[in-house]
Every structure is written in C-alpha cells, then in structure tokens.
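Below: the structure, in structure tokens.
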C-alpha cells in the first residue's frame, strides 16, 4: 500500500519536474527542477531495494553534478531567457513518443522471453551495500578500476579546459579597461 | 502491487521527455540537462529489471552509468566554458561554423 502511494507520488512529481526541465526557458528554473527530480529518482532506488545506489545517486548527482552545473552557470548568462523555437513542435513530440515505445519494447522483450538467469543473485540475509561491495570488488573489479582512471582523466580535462585564461574577464574587454585606466592617469 | 512494468513505463516516459528535450533545445546547456534526464531514466529501468530477476547486475550497470555521467559533465562543462569564451553564446545556431 505504502509502496503504491510512494511510487505514484514520486512518478507524477518526477515527470512534472523533468517536464519543467525540458520546457522551461529559464536556465535557473530548469536546473532547480532537474535537481529536485534527481532527489525523487533516488526514492525509486530505495523503493527497489537498491539502497547503496540511491545514496550514490544523492551524493553524485544531486551533490556533485548539480554543484558543477551551478558553478558553471556563473560563466554563462543565466538571467537571460533562452530561445528554443523548433519549426515543427508536433514532430518532436511524435518522435519522442515513438522513442518511448521503442524503449519499452526493447526492455520488455527479454522480460517476455523470460529465459534470463541471475548471475549474481541478491541474497536476503546480506545487506545491499555489502552485496554491492562483494560483487563490485570481485566480478566487476576491472571496470571499476577503468572507471576510476576515466574519472581522473575527466577531472584533469575539466581543470585544463575551464582553467585556461581564467584571469581574463568574459564580459568586459580587458583592453578597454586598460585604456580607461591609462586615460584616467593622463 | 507495483510490478516491473510500472517502472519500465515510467522510465520510458522519462526517457521520451529527455529525448523531446534533446530534439527541441537549441542551447547547449539545456541539451546537457536533457541528457541527464535520459541517463536517469535508463538507470531506473536497469535497477527495476535487476530487481525483477533478483540479479545485482542491473545495479552494477547503473553505477557505471552514473560514473560515466559524472565524467561527461566534468569534460562537457569545460568545453562549454571554452565555447562560451570563444563565441559569447551557447546557442547552437550562432556557434555553428560549418556551412552546409
């Protein structure tokens, strides 16, 4: 009963919030609703029994990724409304709906086929975080290390790309400021 | 009773919302937001199917999707900042340099 209430509440709120993210003309509103939607998505993970994944979703998405977006928005003009006018809005919605249908079919085809066996079964008496740790550090050790290297590369790339010419202002031309200062001295 | 189909339909709806965003947005930052929505939808589907088969593989895949998304955001935002410094805008029509 509680599961149903939670599911439908989270589902409607997530759909509404992500719809705002996609439709809003203001970058700030879009980012805020995206962050709220991410929090609610972690609720689905808790409902599905994936406690560790829910916590990771909260820490990584809502904590790290959203903070990164918020900091990056200081570089862009966030107060200005963006224009997003597509020539054929109906075609966009039609393609989006078709995409959803294809997605559901792709994922439900093996469910209907029902010949998949669990390689790493979830044990009842072991906690979720413990279970995840056991599988992650045995069967998925190489992908885990590769992901670590990938995150390091991404961090260095982000620092180099964003840190280049950090001392130059984006909005005011530095040469004009220098000229004004020189004129003031004379 | 909430079954796996509920979660799959929800993730399909969320994925299509993200897809609509990718199709209709002309601002690069908003394209990134739409991509995040799509990635989250796929994560829900992975976890739900993993629960249905009583398998931990779905959760594992969702972890790696989150790791890829985090590094994508780090590199992508760096590139966006460089683009904004170069063009003064993130609009795809003004950024586009190739003719054709």
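Chains as they are written, first to last, in the working numbering: chain A, 1 to 186; chain B, 1001 to 1100. Ideal Cβ placement from N, Cα and C applies to all residues, glycine included. This structure is a prediction, so every number in the text was calculated from the model and none was measured.
DSSP state of residue i mapped onto helix, strand, coil
{"i": "residue 1027 of chain B", "result": "strand"}
{"i": "residue 81 of chain A", "result": "coil"}
{"i": "residue 125 of chain A", "result": "coil"}
Pairwise C-alpha distance: residue j and residue i
{"i": "residue 45 of chain A", "j": "residue 59 of chain A", "result": "13 Å"}
{"i": "residue 1045 of chain B", "j": "residue 179 of chain A", "result": "59 Å"}
{"i": "residue 1030 of chain B", "j": "residue 30 of chain A", "result": "8 Å"}
{"i": "residue 57 of chain A", "j": "residue 92 of chain A", "result": "29 Å"}
{"i": "residue 1014 of chain B", "j": "residue 77 of chain A", "result": "28 Å"}
{"i": "residue 1009 of chain B", "j": "residue 104 of chain A", "result": "7 Å"}
{"i": "residue 35 of chain A", "j": "residue 24 of chain A", "result": "14 Å"}
{"i": "residue 13 of chain A", "j": "residue 132 of chain A", "result": "29 Å"}
{"i": "residue 1091 of chain B", "j": "residue 1097 of chain B", "result": "12 Å"}
{"i": "residue 1057 of chain B", "j": "residue 1050 of chain B", "result": "6 Å"}
{"i": "residue 160 of chain A", "j": "residue 1077 of chain B", "result": "11 Å"}
{"i": "residue 49 of chain A", "j": "residue 20 of chain A", "result": "28 Å"}
{"i": "residue 3 of chain A", "j": "residue 15 of chain A", "result": "18 Å"}
{"i": "residue 1022 of chain B", "j": "residue 184 of chain A", "result": "50 Å"}
{"i": "residue 1011 of chain B", "j": "residue 125 of chain A", "result": "29 Å"}
{"i": "residue 80 of chain A", "j": "residue 26 of chain A", "result": "7 Å"}
{"i": "residue 17 of chain A", "j": "residue 1059 of chain B", "result": "24 Å"}
{"i": "residue 130 of chain A", "j": "residue 156 of chain A", "result": "31 Å"}
{"i": "residue 41 of chain A", "j": "residue 1086 of chain B", "result": "36 Å"}
{"i": "residue 158 of chain A", "j": "residue 1004 of chain B", "result": "38 Å"}
{"i": "residue 75 of chain A", "j": "residue 1084 of chain B", "result": "8 Å"}
{"i": "residue 187 of chain A", "j": "residue 164 of chain A", "result": "Because residue 187 of chain A is not part of the residues shown, which for chain A are 1 to 186, the question remains open."}
{"i": "residue 1027 of chain B", "j": "residue 89 of chain A", "result": "16 Å"}
{"i": "residue 10 of chain A", "j": "residue 22 of chain A", "result": "18 Å"}
{"i": "residue 51 of chain A", "j": "residue 128 of chain A", "result": "6 Å"}
{"i": "residue 43 of chain A", "j": "residue 182 of chain A", "result": "59 Å"}
{"i": "residue 1002 of chain B", "j": "residue 1053 of chain B", "result": "15 Å"}
Chain A contact for residue i (CB, 9 Å cutoff)
{"i": "residue 1095 of chain B", "result": "no"}
{"i": "residue 1087 of chain B", "result": "no"}
{"i": "residue 1060 of chain B", "result": "yes"}
{"i": "residue 1030 of chain B", "result": "yes"}
{"i": "residue 1001 of chain B", "result": "yes"}
CB-CB length for residue i against residue j, believed under 8 Å
{"i": "residue 1074 of chain B", "j": "residue 154 of chain A", "result": "4 Å"}
{"i": "residue 1061 of chain B", "j": "residue 53 of chain A", "result": "In fact, because the Cβ distance is near 10 Å, the residues do not count as touching under 8 Å."}
{"i": "residue 1020 of chain B", "j": "residue 96 of chain A", "result": "4 Å"}
{"i": "residue 72 of chain A", "j": "residue 47 of chain A", "result": "Not confirmed; about 32 Å, so no contact."}
{"i": "residue 1040 of chain B", "j": "residue 38 of chain A", "result": "7 Å"}
{"i": "residue 150 of chain A", "j": "residue 1071 of chain B", "result": "5 Å"}
{"i": "residue 1016 of chain B", "j": "residue 100 of chain A", "result": "3 Å"}
C-beta neighbour in chain B for residue i, strict 9 Å
{"i": "residue 138 of chain A", "result": "no"}
{"i": "residue 179 of chain A", "result": "no"}
{"i": "residue 3 of chain A", "result": "yes"}
{"i": "residue 132 of chain A", "result": "yes"}
{"i": "residue 100 of chain A", "result": "yes"}
{"i": "residue 30 of chain A", "result": "yes"}
{"i": "residue 60 of chain A", "result": "yes"}
{"i": "residue 147 of chain A", "result": "yes"}
{"i": "residue 96 of chain A", "result": "yes"}
{"i": "residue 36 of chain A", "result": "no"}
{"i": "residue 15 of chain A", "result": "yes"}
{"i": "residue 90 of chain A", "result": "no"}
{"i": "residue 39 of chain A", "result": "no"}
{"i": "residue 153 of chain A", "result": "yes"}
{"i": "residue 127 of chain A", "result": "no"}
{"i": "residue 56 of chain A", "result": "yes"}
Amino acids of chain E, ordered along the chain, whose beta-carbon sits closer than 9 Å to that of residue i
{"i": "residue 1008 of chain B", "result": "Absent here is chain E; the protein component of the structure consists of chains A and B."}
Heavy atom of the ligand GDP within 8 Å of residue i beta-carbon
{"i": "residue 141 of chain A", "result": "The ligand GDP is absent from the structure shown, which contains no ligands of any kind."}
Between the stretch 117-129 of chain A and the stretch 1023-1036 of chain B, are three or more C-beta pairs nearer than 8 Å?
-> no
Meets three-Cβ-pair contact criterion under 8 Å: the stretch 1062-1077 of chain B and the stretch 136-149 of chain A | Yes, the stretch 1062-1077 of chain B touches the stretch 136-149 of chain A.
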